[in-house]
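Per the numbering used here, the very first residue in the sequence shown carries number 1; after that it's consecutive.
Cβ coordinates follow ideal geometry from the N, Cα and C atoms, glycine included.
The model shown is predicted, which means the values in this text are computed figures rather than measured ones.
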Amino acid sequence: ASRCPAGIFQYAKKLFLSRRAGRAQALEFIRKNAANALSMANLIVGLSSILCSLNRQYHCSCWLLLLGFLLDLADGAVARQLNACSALGEPQGQRWAGVAGRQPPLTHSPPAGAKLDDFADFTSFGLATALLLQPCSMLDGLLAIAYVLAVFARLCFFSSGIPFTYRGLPCPYASSLLASTFLLTGGHVTLLRIAAIAMVLFMVDRGFYPHDKVLESQSWKKAIYAGGIAAVLFSPTTVAPIYYLAWSVSYIIFPFAIWSCKA
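Written as structure tokens, this is what we have:
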């Protein structure tokens, strides 16, 4: 009879410890994959934007790209704050400077394989954004291809080697500018092509741009991000494009004066 209470106690203790271990494993899983979840959301947004453009629902495509812009900024911030790992096991917070949204120590080399967030960025800010140009002729198609190649080169090959600094315009800002321009002009093809050519030149340029740690910087930058969320979800259809256009243009024209971590 004395063994029964002891057996129940041991069973209860094992059950309690197993539940604690299971809870800890669940929390660790969430920590490691929170950034990946945001990257996956960005990828889904990009694929949805492509489908909208293929069905000539360009306005929906633009709104999805603005949402992807916000997801990309949050992805990098979450990865760095949680020291999370990418899909292939490398800490995302230590990504190399040539990849949008990450800045590693100088001792780290570029990752060997494709990463989930890189593929999401290429899908949303490369393929999906290029379809906004509505390529119908050979010249239009060449411009769309040039835009996609510029994004590809920007993501894969441009490394500044300087902490907290990009070389070449990060593609999310180019995408945000084009999507905002489309919404404000009603899809004026000529203006879109001019803007796309300018964005290609900015992306392949060897100029420097600051690391956009919007969610890890001054309070007013966090307020800008919160305003971006409110603009997409709650503002009239004309307010959000103006907001994102001003945000993108300010980063392109005054990168270090306004958006540097020291600004």
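Let's test the definition: count the other Cβ atoms within 10 Å of the Cβ of residue 238 and tell me whether it reaches 16, buried, or not, exposed. exposed
Whole angstroms are fine: how far does the CA of residue 82 sit from the CA of residue 190? 44 Å
Roughly how many angstroms separate the alpha carbons of residue 139 and residue 30, rounded to a whole number? 46 Å
Closer than 6 Å by C-beta to residue 62: which residues in its own chain qualify, once you throw out the five before and the five after it? Chain order, please. 179, 182 and 183
Spell out the partners DSSP gives residue 167 in its beta bridges. 208
On the DSSP letters alone, give me the boundaries of the alpha helix (DSSP H) that residue 80 sits inside. 58 to 82
Can you name, in chain order, every residue of its own chain whose Cβ lies under 6 Å from the Cβ of residue 240, other than the five neighbours on each side? 231 and 232
Can you check whether the CB of residue 210 is closer than 7 Å to the CB of residue 255? yes
Indicate the three-state DSSP secondary structure (helix, strand or coil) for residue 246 in the structure shown. helix
Neighbourhood of residue 18 by C-beta distance below 8 Å, restricted to the same chain and skipping five residues each side: none
To the nearest angstrom, how far is the alpha carbon of residue 224 from that of residue 72? 15 Å
Shortest alpha-carbon distance to residue 129 belongs to which of 74, 51 and 78? 51
So, does the stretch 38 to 49 touch the stretch 118 to 127, judging by three or more C-beta pairs under 8 Å? yes
Span of the alpha helix (DSSP H) holding residue 221? 219 to 233
Tell me whether the stretch 241 to 251 and the stretch 188 to 204 touch, counting them as touching only if at least three CB pairs, one residue from each stretch, are closer than 8 Å. no
Run of the alpha helix (DSSP H) containing residue 258, from where it starts to where it stops: 255 to 259
Buried or exposed for residue 248, please, with buried defined as at least 16 other CB atoms from any protein chain shown within 10 angstroms of its CB. buried
Is DSSP giving residue 44 helix, strand or coil here? helix
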